[in-house]
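First up is the structure itself, then whatever we jot down about it.
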Amino acid sequence: MIIIITAKVPFCFSKDCSFVGVTYLLSNNIIPLLCFLALTIGIISYWDFRYQIKGTPELSFKITEIENIDYEHLTFLTTYIIPLVCFQFENLRYIIVFVILLIVIGSMYIRTDLFYANPTLAILRFRIYKVSGEFRNGEIRKSKILISKDKLTKDDRVKYFKLDERIYYASKVNTNE
């Protein structure tokens, strides 16, 4: 959204138009270029994550209790993202305040382990669940957060990749195999 709001690309549809130059475009579009760089890093990180989970050991557990908490995405979006888009990017002070706010919000979400509430995960079709499960040796673990592309239900068996002490990436184990 910030790229769309801040991009300054002159358009001309008459016959006597000329190209304004790469230097002009780069110097007048620093914020959109930085946002594009961040977007590129995010895409590369997503593909790297997919690659890393393919090589993980097949740890699994059985879900004994489950609660869908997909609403966390909406909380994040309405609380933080929508107000940030309303910044005036023509003024350097607003840009500095915007960057500081992004850093503070990002730090808070990482420190409080709420990074799973990122609305980008909803766009990428991930689901968020709060579960209790039966792990190895009958050990019961409660209040674990699962991020999964699969629709999970009680008594499903899932293989998982630990992201944090209480947050796992999980996928359903096919029982037909």
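For the sequence shown, position 113 matches number 122 in the numbering used here, and the numbering has no gaps at all.
The C-beta atom is built at its ideal place from N, Cα and C for all residues, glycine as well.
Touch check for the stretch 133 to 143 and the stretch 31 to 45: three-plus C-beta pairs under 8 Å?
-> Cβ pair count under 8 Å is below three, so no.
Could you please give the first and the last residue of the uninterrupted beta strand (DSSP E) stretch that includes R150?
-> In the DSSP assignment, R150 falls within the beta strand (DSSP E) that extends over 149 to 157.
What distance in whole Å lies between the Cβ atoms of D122 and R175, which are believed to be in contact at a cut-off of 8 Å?
-> That belief holds up - the Cβ atoms of R175 and D122 are roughly 7 Å apart, short of 8 Å.
Is the beta carbon of S69 sitting closer than 8 Å to the one on V182?
-> Against a cut-off of 8 Å, the Cβ pair of V182 and S69 comes out as a contact.
How would you call Y177, buried or exposed, if buried means at least 16 neighbouring beta carbons within 10 angstroms?
-> Label assigned to Y177: buried.
Continuous alpha helix (DSSP H) stretch holding V182: start and end | No alpha helix (DSSP H) contains V182, which DSSP labels as neither H nor E.
Span separating the alpha-carbon of G51 from that of D164 = One C-alpha to the other measures close to 34 Å.
Helix, strand or coil: which one does DSSP assign to K171?
-> It is a strand residue.
Could you check where the alpha helix (DSSP H) with R136 kicks off and where it finishes?
-> Premise fails: R136 lies in the beta strand (DSSP E), 136 to 143, not in any alpha helix (DSSP H).
Starting from the Cα of F124, find the closest Cα among Y103, C26, L155 and give me that residue.
-> By alpha-carbon distance to F124, the top candidate from Y103, C26, L155 is L155.
Start and end residues, beta strand (DSSP E) containing F70 | Residues 69 to 77.
Apart from the five residues on each side of it in sequence, which residues of its chain come closer than 6 Å, Cβ to Cβ, to L101?
-> Apart from the 5 residues on each side of it in sequence, L101 has no Cβ closer than 6 Å to any other Cβ in its chain.
Taking I12 as the reference, which of F45, K24, I114, V113 has the closest Cα?
-> Nearest to I12 by C-alpha distance, out of F45, K24, I114, V113, is F45.
Just how far apart, CA to CA, sit E74 and R136?
-> Looking at the two C-alpha atoms, the distance is approximately 16 Å.
Contact check, I72 vs L161 under 8 Å by CB: the rounded distance?
-> The pair is a contact, with the Cβ atoms about 6 Å apart (cut-off 8 Å).
Mind checking which residues open and close the alpha helix (DSSP H) that includes G115?
-> In the DSSP assignment, G115 falls within the alpha helix (DSSP H) that extends over 101 to 120.
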